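I have placed the structure first, in the form of structure tokens, so that the comments after it can refer back to it.
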Amino acid sequence: MTDDQDGVTFERLGLRPELLGALGALGYEEPTPIQQEAIPPLVEGRDLLGQAATGTGKTAAFALPVLERLTAHRREKAPVALVLLPTRELAVQVSEAFHRYGKDLGARVLPVYGGAPIVRQLRSLESGVDVVVATPGRALDLLNRGSLDLGDVATVVLDEADEMLDMGFAEDLEAILDETPETRQTVLFSATMPRRLDSLARRHLRDPVRITIAKEQAAAGEAPRVRQTAYVVPRAAKPAALGRVLDIEAPTAAIVFCRTREEVDSLTETLNGRGYRAEALHGGMSQEQRDRVMGRLRGGTADLLVATDVAARGLDIEQLTHVVNYDVPSAPESYVHRIGRVGRAGREGVAITLAEPREHRMLKTIERVAGAPISVQTVPTVADLRARRLDLTRASLRETLLDGDLDGFRVVVESLADEFDLVEVALAAVKLAHEAGGAVEDDEEIPQVSFRPDSGKAPRAGNGGRDAGARPRRSAGGPAARLFVGLGREAGIRPGDLVGAITGETGLTGRDIGAIEIHQRFALVEVPAPAADEVIRALKATMIKGRKATVRRDKGPA
Ligand code: AMP
């Protein structure tokens with residue numbers, strides 16, 4: 000981040016030392032495009048209308064300016080910033096981000112959402128907070144109880160505003176905004192800009208700076224000849240999934256892009272543990288260290304480079320066959336730039352992206368900008384992997400046979416042939432060769448998840464103020480499947496926990512989820528029938544309220 004490289008740095012954006020320290024510790028090397036564009040006007044106090052999807056770094060784009068303007072170790076009770084967003088998952092995620100960035104400023108951040116005990120939230124408000132991160136339903140509830148004082152709010156952020164409108168929060172948003180000072184700064188982020196959102200923006204934003212992060216006119220047609228594949232993987236399964244994909248692809252030389260230095264270091268270690276010769280490359284290394292790493296890759300003593308964008312800038316590696324995006328890049332331009340490193344001079348290149356279920360929109364945008372289809376596939380199974388490894392063994396045996404010069408081994412085969420059948424002798428030799436290939440046995444189960452088949456957004460009428468914790472209504476027709484989840488009231492399960500777990504682990508959003516019934520020992524939840532298997536797999540693989548649950552289709556009467 001404090002680098003010799005050209006380009007915009009967090010320092011140049013003028014952020015205070017406490018924030019620079021936190022960002023450095025997190026391993027952020029440079030601001031993402033949306034951060035470069037949004038942070039300066041937001042620090043100045045301008046209103047902002049930003050079109051950006053998850054994965055662009057938009058959270059830091061609005062959180063850093065709020066923290067930049069915050070009085071360090073402030074003592075007043077009432078919050079100076081209010082972030083409104085559609086789901087509990089997002090509330091937790093965004094408040095954690097504020098917390099991480101604002102640690103050295105003593106920022107007091109409170110997530111507020113339905114489905115969590117209100118008493119604790121009341122107590123925290125009572126003892127004083129700087130930033131409230133809330134779902135609209137619960138925020139309004141607290142306002143109505145007189146427990147949330149918005150009189151000092153200097154900044155309101157509406158995050159994933161289109162989702163909030165889709166979930167029927169329009170009136171709640173109006174009511175909440177009415178309780179904040181007119182002089183406030185208003186920031187609105189949304190992945191799409193439907194007309195209803197435009198009118199909300201017109202009413203509540205003053206002369207906003209407009210930022211669109213997916214510039215569709217860029218780069219189309221420049222796309223190199225590259226086979227592009229994306230695998231949808233839950234975050235926790237990414238290291239295993241990457242290992243398996245690499246085993247199948249068997250790249251000659253690959254570069255794996257990560258977002259942060261920490262990720263580069265830990266992934267390098269994981270890959271080395273898996274038998275790859277991986278080298279880390281990031282902005283925290285000296286020029287000499289980098290040169291050494293590049294030398295090893297060029298000389299063939301390393302086959303994988305794990306790098307951040309900053310560190311890989313300007314690198315041109317002749318023999319590179321694969322580019323891997325360990326995360327969906329924060330901007331389509333960065334994707335196009337990364338994969339431009341392969342597929343040169345008529346050779347085929349391969350670009351692989353590991354995407355989390357919730358990143359489907361960003362991937363769609365990238366596909367448009369890159370101007371070439373990205374084929375979405377599920378991670379190879381253990382059986383695929385075995386078949387592929389046997390293939391490789393067969394290929395190397397074939398090569399050895401064609402090469403000839405085997406006479407020196409004849410005596411071994413002939414002496415064994417007295418005792419064993421020739422085919423058996425061959426089988427044993429194949430086994431030895433196969434195992435000598437150094438394959439690590441891999442039988443870890445990687446959950447098979449996919450994006451929601453239809454990620455387009457159907458327009459939908461508001462349904463009054465419902466929180467992610469209240470019982471959601473089913474939207475757009477379509478057959479529903481009822482699932483049995485073996486945790487209920489006794490385990491402290493509330494509807495919001497199920498909505499959170501499902502939306503967090505699959506491509507579904509809150510509005511796809513139907514009726515939820517919580518019983519003493521179990522819960523029933525309706526999901527769209529085509530997504531039922533995906534939801535079952537995802538819920539089985541995750542913890543709900545810290546516990547594993549039995550999940551299956553409900554067989555009881557509807
Ligand atoms: P968001 O789009 O806000 O959900 O952010 C996506 C991910 O990018 C999060 O995991 C952030 O921690 C990470 N991130 C945000 N900004 C940066 C940055 N400048 N450098 C590296 N990672 C970042």
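Just so we're aligned, residue 0 is where the sequence shown starts under numbering that gives the first Met the number 0, counting upward by one.
Quick reminder that beta carbons are idealized off the backbone N, C-alpha and C, glycines included.
Predicted model only: the values in this text are computed from it and were never measured.
Is residue i close to ligand 1? I mean its beta-carbon at under 6 Å from any heavy atom of the ligand.
| i | result |
| --- | --- |
| residue 237 | no |
| residue 53 | yes |
| residue 258 | yes |
| residue 100 | no |
| residue 363 | no |
| residue 57 | yes |
| residue 27 | yes |
| residue 372 | no |
| residue 30 | yes |
What's the call for residue i, buried or exposed, on a 16-neighbour Cβ count within 10 Å?
| i | result |
| --- | --- |
| residue 140 | buried |
| residue 285 | exposed |
| residue 410 | exposed |
| residue 272 | exposed |
| residue 292 | buried |
| residue 513 | buried |
| residue 185 | buried |
| residue 143 | exposed |
| residue 361 | buried |
| residue 17 | buried |
| residue 166 | buried |
| residue 134 | buried |
| residue 182 | exposed |
| residue 525 | buried |
| residue 328 | buried |
| residue 549 | exposed |
| residue 547 | exposed |
Using 7 Å as the threshold, is the C-beta distance between residue i and residue j below it?
| i | j | result |
| --- | --- | --- |
| residue 572 | residue 511 | The structure shown does not extend to residue 572, since the chain is modelled only from 0 to 557, so the question has no answer here. |
| residue 155 | residue 69 | no |
| residue 137 | residue 112 | yes |
| residue 311 | residue 281 | no |
| residue 303 | residue 277 | yes |
| residue 558 | residue 491 | Residue numbering for the chain in the displayed model covers 0 to 557; residue 558 lies beyond these limits and cannot be assessed. |
| residue 357 | residue 31 | no |
| residue 13 | residue 33 | no |
| residue 502 | residue 509 | yes |
| residue 432 | residue 392 | yes |
| residue 230 | residue 353 | yes |
| residue 247 | residue 306 | no |
| residue 243 | residue 379 | yes |
| residue 559 | residue 365 | The structure shown does not extend to residue 559, since the chain is modelled only from 0 through 557, so no value can be given for it. |
| residue 533 | residue 523 | no |
For residue i, name the three-state secondary structure that DSSP assigns.
| i | result |
| --- | --- |
| residue 188 | strand |
| residue 521 | coil |
| residue 136 | helix |
| residue 482 | strand |
| residue 146 | coil |
| residue 515 | strand |
| residue 228 | strand |
| residue 50 | strand |
| residue 317 | coil |
| residue 277 | strand |
| residue 152 | coil |
| residue 327 | coil |
| residue 548 | coil |
| residue 400 | helix |
| residue 256 | strand |
| residue 210 | strand |
| residue 221 | With a pLDDT of 42 at residue 221, under the threshold of 50, the modelled position of this residue cannot be trusted, and the question is left open. |
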